[in-house]
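J.: Dumping the structure here so I can ask a few things about it.
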Amino acid sequence: MELNNKLTVSASPHVKSAETTTGIMLDVIIALLPAGVASVFVFGIRALLIIAVSVISCVLAEFLSRKAMKRDQTIGDLSAVVTGILLAYNLPSTIPIWQVVFGAIVAIVVVKQMFGGIGQNFVNPALLARIVLISAFPARMSAGAFVGTNVVGWDVDGVTGATPMGLISLADGIKDGAPSLMHLFIGTTAGCIGEVSALALLLGGIYLIIRKVISPIIPCVYIGTVALIMLIAFGDVNAMLYEVLGGGLMIGAIFMATDYTTSPITDKGKVIYALGCALITCLIRLFGSLPEGVSFSIIIMNILVPHIENWTKPTIFGTVKEKKEKKEAAAE
Amino acid sequence: MANEKIEGVLKPVMKGHGGIHVSHNKNTSKCAIVRMPAPAKVVLPMQQHIGAPCTPTVAVGDEVKIGQVIGDTDAFVSTPVHATVSGKVTAVGPVKVANGSMVQAVTIESDGKMELSEDIKPPKIDTKDDFLKAVRASGLVGLGGAGFPTHVKLAFKEDSGVDTLIINAAECEPFITVDHRECIDNSWDVLSGVYTVKEILGFKNVYIAIEDNKSDAFTELMKVAADNADWDDSVKLVMLPSQYPQGAEKVLIQSVTGRQVPPGKLPSDVGVVVMNVQSISFLGRYLKTGKPLVSRSLTVDGSAIAEPKNIRVPIGTLISDIIEFCGGFKAEPYKVIGGGPMMGMALYDINVPLLKNNNAVLAFSADTIKVKPERACIRCGRCVQACPMSLMPTKIETRAHLKDVEGCQAAGAMTCMECGSCAFACPSGRPLVQYMRLAKAVIREGSAK
Ligand code: SF4
Ligand code: SF4
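The following block contains the structure:
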């Protein structure tokens, strides 16, 4: 039989799991859908417009920057779509369209591609873009920009009001005019497009955990620790629930802090990272001048990830015993 | 039936980190081992083992019979090579083998008679030394894959603390079922081999470890053991979960005994010797008949093979002849693998001889082998989760590309056993095993300087 040069030769293994990068990103997109639907209910069709503009800008920015840098195209992995959705979800529905485009360029070109593309950026692109927008256009991103409805309905014009996180403080507790816990849970309140509905975000999170796309460690430790600290700080279950359900905690803990590239790989590392996120979030919310601290805390912890990973390297097989023996020897 | 409880069968004492679930595809588990008739010729490389190569002891034109030594050396870490068919030596010289390298080999044209050499007689064994000499003379190497000479493995010192023998019948590689069949078709050979080796070498504990997807292997071995007076409590069956790579030596030892072999150490350092079930079964037969290692069993399967089978063939038979015996190709082969799909080697050519340690030939057509496009690492951590050695394959890859000798070393690249779990799990299709090999090469080069 002559088959020379026809057979494919490659390194083992010769079978691979069915999972692909694109499949994982598709799962994240699916998990983000409920929050998108909720946003249209709360903020009207403009929310959809912002999401669409953000996604298209991100994909285009990725396409063009890869082209300009003469690298192979990566838009097929859908990660730019995910970044686009996440960016939109972190913006108020009143933001001018051109600012969305600007944010998308910052996220994809500056944060992601200039560092080498997917897997290489050291901070979360959508979050950094949001922070750049807050700093560059404070008026557009501050309390006055958030349109809320405070009622279940299609009220597109709504009322301009503070985000729920401006309506709670350590000194006064939950202030008058603050949305009820039920409103926060369902999402009929003011805030960024994708952050308002805790229910929708939780659905997405559960989907991601069931599909094994993310490990439950980061969201559970992050949200759990914030809950615990707030309970101690306020001494009141309602205030604790208000802090957990309101603002960007849910979207941050479930979708932003779990970004593969900018969170630790090891389980131990994930615990430390999530604890750090929770602590900083609470510090900012309780004592800082900003009402909200989720984005900043995640960015800060992003930067620490390489160090956390160094501290939490898994113990290589067969080396545990030696360490123990050494300890025992030292103890003797 | 997986996970079925069988009376008297032990469970693993420890569950290690990592591992993956890969479809078993044990299509041939009901195919009893059949003998392949004598091939027209066999090619017998002088190096089919880890250690010193043999020197041919025959010349072109010599008439040889089955079991006659045709290559040997004085080196201890080596095993002789025997004629596997009767006939005439037609060539002595370098040939290409499966891994692409050129090796000295003896080619024998078969006379079709398959005559046994008159010299074959059961070895006389009075002492441990006699036994080890006999094992060396049998030409036995680990039949499970590595090809390490068995007599070297068994030559541990009395005071070295080795007390446990594990018979590896886990067979965690997909598709392969010969070890499973060996337990059923030759169960008495397996058990008699176990008893003899245990007695001669004085093992305190003997475990026969099998994955839980082979429950008939357990029942068969239990039945045969029950009929035999020699069966005692120190020989135990262990039912392992069907999870890859359960049969990898270090993983197996951990599951069965709870002991971990440290990096760079051998199983004997933690008091354990592991033998493949085929090796022990061969020893069982050899000690009775004296017939050296001239044939072996293997699984032939895959989407491109017309008639998948478990077969017993003379060593040195060309892979192309083996495939022909199994009905040839029913689809155009895209990849032919010597060994299992997780750790086997892709063959560039099928006109190469079957070696002592080759336990399968698998052939796949293009539409049945998934090729994942290679994309950038997304740091998802799946490779880290999958690694049974608790390494961080993605980190080792980065270090390897940077040619960072110390980084590769510190990350434990040398502990990698190339099981392929990481590369299997990677959603970005990264050829991580290839990069682990690169990291090892970086370390080797670095320490050579
Ligand atoms: S091939 Fe090496 S690095 Fe990859 S999972 Fe196996 S032991 Fe770990
Ligand atoms: S599994 Fe692949 S993509 Fe995921 S961290 Fe490992 S190398 Fe990177």
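Top to bottom, those sequences are chains A and B.
Position 321 (the first sequence) corresponds to 321 in our numbering; numbering is contiguous.
Position 199 (the second sequence) corresponds to 199 in our numbering; numbering is contiguous.
The beta-carbon is built from N, C-alpha and C at its ideal position, and this holds for glycine as well.
Can you name, in chain order, every residue of its own chain whose Cβ lies under 6 Å from the Cβ of B:Pro292, other than the five neighbours on each side?
T.: Position 292 of the second sequence, counted from the start, is the residue given in the question as residue 292 of chain B. These residues qualify, in order along the chain: Gly67, His82, Ser138 and Gly139.
J.: Between B:Ala40, B:Ser234 and B:Asp130, which lies nearest to B:Asp111 when the distance is taken from Cα to Cα?
T.: Numbered from its first residue, the second sequence carries residue 111 of chain B at position 111. Taking only the C-alpha atoms, the option nearest B:Asp111 is B:Ala40.
J.: Please confirm whether any heavy atom of ligand 2 lies closer than 8 Å to the CB of A:Ile218.
T.: As a first step, residue 218 of chain A is located in the first sequence; it is residue number 218 there, counting from the start. No, the Cβ of A:Ile218 stays beyond 8 Å of every heavy atom of ligand 2.
J.: With distance defined between alpha-carbon atoms, name the residue in B:Thr57, B:Ile108 and B:Val92 nearest to B:Ile315.
T.: Indexing the second sequence from 1 puts residue 315 of chain B at position 315. Looking at the Cα atoms, B:Ile108 is the closest of the given residues.
J.: Are B:Leu44 and B:Ser86 closer than 9 Å when you measure CB to CB?
T.: The count along the second sequence starts at 1 and reaches residue 44 of chain B at position 44. The count along the second sequence starts at 1 and reaches residue 86 of chain B at position 86. No, Cβ-Cβ distance for B:Leu44 and B:Ser86 is not below 9 Å.
J.: In the DSSP assignment, what residue or residues form a beta bridge with B:Tyr244?
T.: Position 244 of the second sequence, counting from 1, holds the residue named residue 244 of chain B. Answer is B:Ile20.
J.: Using a cut-off of 7 Å between C-beta atoms, extract the partners of B:Gln68 located in chain A.
T.: By one-based count along the second sequence, residue 68 of chain B stands at place 68. In chain order: nothing, as chain A lies at least about 30 Å away.
J.: Please confirm whether B:Gly139 has its beta-carbon closer than 9 Å to some beta-carbon of chain A.
T.: As a position in the second sequence, residue 139 of chain B is number 139, starting the count at 1. Chain A, which has no Cβ nearer than 9 Å to the Cβ of B:Gly139, makes this no.
J.: Between B:Ala306 and chain A, is the shortest Cβ-Cβ distance under 9 Å, so that the two count as touching?
T.: Taking the first residue of the second sequence as position 1, residue 306 of chain B is located at position 306. By this cut-off, B:Ala306 is not an interface position.
J.: Considering only their Cβ atoms, is the gap separating B:Ala146 from B:Gln246 smaller than 9 Å?
T.: Stepping through the second sequence from its first residue, residue 246 of chain B is reached at position 246. Stepping through the second sequence from its first residue, residue 146 of chain B is reached at position 146. Not a contact, by the Cβ cut-off of 9 Å.
J.: DSSP has B:His82 in a bridge; who is on the other side?
T.: Counting from 1 along the second sequence, the entry for residue 82 of chain B is found at position 82. DSSP lists B:Val69 as partners of B:His82.
J.: From which residue to which residue does the beta strand (DSSP E) around A:Thr94 run?
T.: Taking the first sequence and counting its residues from 1, the one referred to as residue 94 of chain A is at position 94. A:Thr94 -> no beta strand (DSSP E), and no H or E assigned at all.
J.: Where do the N-terminal and C-terminal ends of the beta strand (DSSP E) with A:Met182 fall, by residue?
T.: For this step, residue 182 of chain A is matched to residue 182 along the first sequence. Counting along the chain, A:Met182 falls outside any beta strand (DSSP E), though it belongs to the alpha helix (DSSP H) covering Leu181 to Ile186.
J.: Write down every uninterrupted run of the alpha helix (DSSP H) in the region 286–368 of chain B whose length is 4 residues or greater and which is fully enclosed by it, in chain order.
T.: Those alpha helix (DSSP H) runs which fall completely within the region 286–368 of chain B and span 4+ residues are 319–325.
J.: Can you look up B:Met392 in the DSSP assignment and give me helix, strand or coil?
T.: Taking the first residue of the second sequence as position 1, residue 392 of chain B is located at position 392. Correct three-state label for B:Met392: coil.
J.: Measure the alpha-carbon distance for B:Gly328 versus B:Thr394 and round it to whole angstroms.
T.: By 1-based counting over the second sequence, the position of residue 328 of chain B is 328. By 1-based counting over the second sequence, the position of residue 394 of chain B is 394. Using only the alpha carbons, I get a separation of about 40 Å.
J.: If we cut at 9 Å on Cβ distances, does A:Ser17 have a partner in chain B?
T.: Sequence index remark: in the first sequence, residue 17 of chain A carries index 17 (1-based). Yes, because at least one Cβ of chain B sits closer than 9 Å to the Cβ of A:Ser17.
J.: So, at 6 Å on beta carbons, what are the nonlocal neighbours of A:Pro291 in its own chain, with the 5 sequence-adjacent residues on each side left out?
T.: Numbered from 1 along the first sequence, position 291 holds the residue referred to as residue 291 of chain A. Only Met165 and Gly166 meet the Cβ criterion.
J.: Under 6 Å Cβ to Cβ from A:Val294, same chain only, skipping five residues before and after it: list those, please.
T.: Within the first sequence, numbered from 1, the residue matching residue 294 of chain A stands at position 294. Same-chain partners within the cutoff: Gly248, Leu249, Gly252 and Thr281.
J.: I want to know whether the region 49–60 of chain B touches the region 267–283 of chain B - three or more CB-CB distances under 8 Å.
T.: Contact between the region 49–60 of chain B and the region 267–283 of chain B is absent, because fewer than three Cβ pairs lie under 8 Å.
J.: Tell me where the beta strand (DSSP E) around B:Lys41 begins and ends.
T.: The count along the second sequence starts at 1 and reaches residue 41 of chain B at position 41. Here the beta strand (DSSP E) through B:Lys41 covers Lys41 to Pro45.
J.: Residue ranges of each alpha helix (DSSP H) run of no fewer than 4 residues wholly in the region 235–321 of chain A, ordered along the chain?
T.: Qualifying alpha helix (DSSP H) stretches, in chain order: 237–245, 267–287 and 294–311.
J.: Mind checking A:Lys68: buried by the 16 CB within 10 Å criterion, or exposed?
T.: Taking the first residue of the first sequence as position 1, residue 68 of chain A is located at position 68. The sequence shown places Ala at residue 68 of chain A, rather than the Lys named in the question. Exposed.
J.: If you measure from the CB of B:Val85, is any heavy atom of ligand 2 nearer than 8 Å?
T.: One-based indexing of the second sequence puts residue 85 of chain B at position 85. False, no ligand heavy atom lies under 8 Å from that Cβ.
J.: Between the alpha carbons of A:Thr189 and B:Cys408, how many angstroms are there, rounded?
T.: Looking up residue 189 of chain A in the first sequence gives position 189. Looking up residue 408 of chain B in the second sequence gives position 408. Approximately 52 Å, taken between the alpha carbons.
J.: Short check: CB of B:Val206 to CB of B:Val235, under 9 Å?
T.: Position 206 of the second sequence, counting from 1, holds the residue named residue 206 of chain B. Position 235 of the second sequence, counting from 1, holds the residue named residue 235 of chain B. Result yes, Cβ atoms of B:Val206 and B:Val235 sit closer than 9 Å.
J.: Contact criterion: CB-CB distance below 9 Å. Does A:Pro374 meet it with respect to chain B?
T.: What the structure shows of chain A is the stretch from 1 to 332, and residue 374 of chain A is not part of that stretch, so it cannot be assessed.
J.: Between the alpha carbons of A:Thr160 and A:Asp72, how many angstroms are there, rounded?
T.: On the first sequence, position 160 is the one that residue 160 of chain A refers to. On the first sequence, position 72 is the one that residue 72 of chain A refers to. With a pLDDT of 42 at A:Thr160, under the threshold of 50, the modelled position of that residue is not reliable, and no figure is offered here.
J.: Within the same chain, show all residues whose beta-carbon is closer than 6 Å to that of A:Val156, passing over the 5 residues directly before and after it, in chain order.
T.: What you label residue 156 of chain A is simply residue 156 of the first sequence in a count that begins at 1. Low local confidence applies: a pLDDT of 34 at A:Val156 is under 50, so the model's placement there is unreliable, with the coordinate-based value given in what follows. So the qualifying residues of the chain are Gly44.
J.: Under 8 Å between beta-carbons, which chain B residues line up against A:Val59? List them in chain order, please.
T.: Position 59 of the first sequence holds residue 59 of chain A. In chain order: nothing, as chain B lies at least about 17 Å away.
J.: CB-CB under 8 Å to A:Ser169, same chain, minus the five flanking residues each way: which ones, in chain order?
T.: To locate residue 169 of chain A, count along the first sequence from 1; it is residue 169. Excluding positions up to five away in sequence, the list reads Lys175.
J.: At which residues does the alpha helix (DSSP H) containing B:Gln254 begin and terminate?
T.: What you label residue 254 of chain B is simply residue 254 of the second sequence in a count that begins at 1. Residues Glu249 to Thr257.
J.: What's the call for A:Ile303, buried or exposed, on a 16-neighbour Cβ count within 10 Å?
T.: The count along the first sequence starts at 1 and reaches residue 303 of chain A at position 303. Exposed, because fewer than 16 other Cβ atoms sit within 10 Å of the Cβ of A:Ile303.
J.: Using a Cβ-based criterion (distance less than 8 Å to any ligand heavy atom), does B:Leu391 qualify as near ligand 1?
T.: Here residue 391 of chain B corresponds to residue number 391 of the second sequence, with the count starting at 1. Because some heavy atom of ligand 1 lies under 8 Å away, the Cβ of B:Leu391 counts as near it: yes.
J.: Determine the direct distance from the alpha carbon of B:Ala423 to that of B:Tyr435, and round the result to whole angstroms.
T.: Taking the first residue of the second sequence as 1, we reach residue 435 of chain B at position 435. Taking the first residue of the second sequence as 1, we reach residue 423 of chain B at position 423. Cα to Cα, B:Tyr435 sits roughly 10 Å from B:Ala423.
J.: Which class does B:Leu10 belong to by DSSP, given the choice of helix, strand or coil?
T.: The count along the second sequence starts at 1 and reaches residue 10 of chain B at position 10. B:Leu10 falls in the strand class under three-state DSSP.
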